[in-house]
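Remarks on the structure that follows.
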Amino acid sequence: DPDALPKDEL
Amino acid sequence: MNIFRLSGDVCHLVAIIILFLKIWRSKSCAGISGKSQLLFALVFTTRYLDLFTAFISIYNTVMKVVFLVLAYATVSLIYFRFRKSYDSESDSFRVEFLLVPVAGLSFLENYSFTPLEILWTFSIYLESVAILPQLFMITKTGEAESITTHYLFFLGLYRTLYLANWVWRYHEEGFFDQIAVVSGVVQTIFYCDFFYLYFTRVLRGSGKMTLP
């Protein structure tokens, strides 16, 4: 699930 | 990190620097929408709150700080230092028509109902419409200085490169951030009309971009 991804994009 | 995202971030930085230097050197913000710059400062503020909670990389942290500083510096030039040259008459887009739907949608459509996640989602949706007051102002005045069009060109290029970045990441990593992608596609579409005018008028050396 995307919210587990670190928000690595600016 | 991939070349599309890196060059996209560089284009974004170039756009912001072009605008800042244009206002700073001409000591005027004529033709610039202060509202769009306020919205961009809000985008960075609500998106980069994780600056203090999640360390991704030096690059990530440095770029976030640079974007925040330049965004607020640009807003302060427009609304304080060179406020006499701010054309509030032409900068008449009703931003509440953007903020209310964007805020509402970020509560409805998000990945998790937590403050940080909702603020991040708000910043994603807001960024896709933040340029509208600027584009509206250009249609209202019927023209834009060429330096302003270069600012918009690099901003649009940054968004287009991000689309390529998402295609690449989906293909390479299976990464797909639906909210960011859908919002990013909408945002890039808003630049299409501008790109057409930019390539047909500004790059033809007509200097100023005058709308039909």
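Chains A and B supply the protein sequences, listed in that same order. Once you know that position 9 of the first sequence is 9 in the working numbering, the rest is easy, because the numbers rise by one and skip nothing. Once you know that position 162 of the second sequence is 1162 in the working numbering, the rest is easy, because the numbers rise by one and skip nothing. The beta carbon of each residue, even a glycine, is placed where N, CA and C say it ideally should be.
Distance check for T1046/B and K1027/B, CA to CA, integer angstroms please. Indexing the second sequence from 1 puts residue 1027/B at position 27. Indexing the second sequence from 1 puts residue 1046/B at position 46. The alpha-carbon atoms of K1027/B and T1046/B are separated by roughly 29 Å.
Out of V1129/B, D1193/B, L1105/B and R1083/B, point me to the one whose CA is closest to V1095/B's CA. The sequence position of residue 1095/B within the second sequence is 95, counting from 1. Checking every option, the nearest Cα to that of V1095/B belongs to V1129/B.
If you check the beta carbons only, do E1109/B and I1018/B fall under 8 Å apart? The count along the second sequence starts at 1 and reaches residue 1109/B at position 109. The count along the second sequence starts at 1 and reaches residue 1018/B at position 18. Taking 8 Å as the Cβ cut-off, E1109/B and I1018/B do not qualify as a contacting pair.
Rounded to whole angstroms, how far is the Cβ of T1210/B from the Cβ of E1145/B, which I believe are closer than 8 Å? The count along the second sequence starts at 1 and reaches residue 1210/B at position 210. The count along the second sequence starts at 1 and reaches residue 1145/B at position 145. Contact flag wrong, Cβ pair sits at about 11 Å.
Run the CB neighbour count on Y1162/B, radius 10 Å, all protein chains shown included, and call it buried at 16 or more, exposed below. For the purposes of this step, residue 1162/B is taken as residue 162 along the second sequence, with counting starting at 1. It is buried - the Cβ of Y1162/B has at least 16 other Cβ atoms within 10 Å.
Based on the DSSP output, what are the partners of M974/B in its beta bridges? Missing from the structure shown is residue 974/B; chain B here goes from 1001 to 1212 and no further.
Using a C-beta to C-beta distance shorter than 9 Å, which residues of chain A count as neighbours of K1002/B? Here residue 1002/B refers to the residue found at position 2 when the second sequence is read from its first residue. The sequence shown places Asn at residue 1002/B, rather than the Lys named in the question. Per Cβ cutoff of 9 Å: no residues; N1002/B is ~11 Å from chain A at best.
L1155/B burial status per 10 Å Cβ neighbour count (16 or more: buried): Position 155 of the second sequence holds residue 1155/B. Flag for L1155/B reads buried.
If you compare alpha carbons, which of V1100/B, K1022/B, I1003/B and A1071/B is closest to T1149/B? Mapped onto the second sequence, residue 1149/B falls at position 149. The shortest Cα separation from T1149/B among V1100/B, K1022/B, I1003/B and A1071/B belongs to K1022/B.
Tell me, please, whether the CB atom of W1120/B is closer than 8 Å to any CB atom in chain A? Position 120 of the second sequence, counted from the first residue, corresponds to residue 1120/B. It does; some Cβ of chain A falls within 8 Å.
At least 3 beta-carbon pairs within less than 8 Å: the segment 1071-1086 of chain B vs the segment 1113-1125 of chain B: no
Are any of the Cβ atoms in chain D nearer than 8 Å to that of F1020/B? No chain D is present in this structure, whose protein chains are A and B.
In whole angstroms, what separates the C-alpha of V1186/B from that of R1083/B? Residue 1186/B sits at position 186 when you count from the first residue of the second sequence. Residue 1083/B sits at position 83 when you count from the first residue of the second sequence. Approximately 32 Å between the Cα atoms of the pair.
Going by CA-CA distance only, name the one from V1202/B, Y1125/B and G1031/B that's closest to V1100/B. Position 100 of the second sequence holds residue 1100/B. It is Y1125/B.
Three-way DSSP call (helix, strand, coil) for F1176/B in this model: For the purposes of this step, residue 1176/B is identified with residue 176 of the second sequence, where counting begins at 1. DSSP places F1176/B in coil when its eight states are reduced to three.
Selection from A1071/B, Y1196/B and S1090/B that minimises the alpha carbon distance to H1012/B: Here residue 1012/B corresponds to residue number 12 of the second sequence, with the count starting at 1. Closest option to H1012/B, Cα to Cα, is A1071/B.
Extract the residue ranges of the alpha helix (DSSP H) inside the segment 1050-1087 of chain B, only unbroken runs of 4 or more that lie entirely within it. 1058-1076
M1137/B versus G1174/B - alpha carbon distance: Stepping through the second sequence from its first residue, residue 1137/B is reached at position 137. Stepping through the second sequence from its first residue, residue 1174/B is reached at position 174. If I take the Cα positions, the gap works out to 40 Å.
Out of curiosity, what's the CA-to-CA distance linking E1089/B and K1035/B? Residue 1089/B sits at position 89 when you count from the first residue of the second sequence. Residue 1035/B sits at position 35 when you count from the first residue of the second sequence. Cα-Cα distance, rounded: 12 Å.
Residues near M1063/B by beta carbon distance below 7 Å, same chain, minus five either side: Residue numbering aside, residue 1063/B sits at position 63 when the second sequence is read from its first letter. Around M1063/B: D1009.
When burial is assigned at 16 or more other CB atoms within 10 Å of the CB, is A1054/B buried or exposed? Here residue 1054/B is taken as the residue at index 54 of the second sequence, counted from 1. A1054/B is exposed by the Cβ-count criterion.
List the endpoints of the continuous alpha helix (DSSP H) containing E1127/B. The sequence position of residue 1127/B within the second sequence is 127, counting from 1. Note, E1127/B: alpha helix (DSSP H), P1115 to V1129.
Closer than 7 Å, Cβ to any Cβ of chain A: which residues of the segment 1044-1064 of chain B, in chain order? D1050, A1054, I1056, N1060, M1063 and K1064
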